[in-house]
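Student: In my numbering, the protein residues as written are 8 to 91.
#1: Can a CB atom of chain D be found closer than 9 Å to the CB of residue 84?
#2: Is residue 26 helix, strand or coil by DSSP?
#3: For the stretch 8–23 against the stretch 43–54, are there 3 or more C-beta pairs whose distance is under 8 Å?
#4: In angstroms with no decimal places, state the Cα-to-Cα distance between residue 79 and residue 20.
#5: So the candidates are 71, 57, 70, 26; which of them puts its Cα closest to the Cα of residue 84?
Pasting the structure below:
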């Protein structure tokens, strides 16, 4: 266990950030699954913009890599464009 006051505080802050990051990443993954399960373009279009926003936020905060976010956005956009 750490002895310095600042390192103890850092451990607490890191634990809180880890929980927040895991929650946001899991929420985004669930949103992607929900988007992939849609069958109509009308339902998928508003979901796509929300998912893209979530992915950008995760990439900005380095929860996921920016290229992974970009790849996901590209594949999901292609998927929505193929829907009728």
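Quick reminder that beta carbons are idealized off the backbone N, C-alpha and C, glycines included.
These numbers were taken from a predicted model, which means no experiment stands behind them.
Tutor: Working from what's here:
#1: Protein chain content of the structure displayed is limited to a single chain, and chain D is not contained in it.
#2: helix
#3: no
#4: 29 Å
#5: 57
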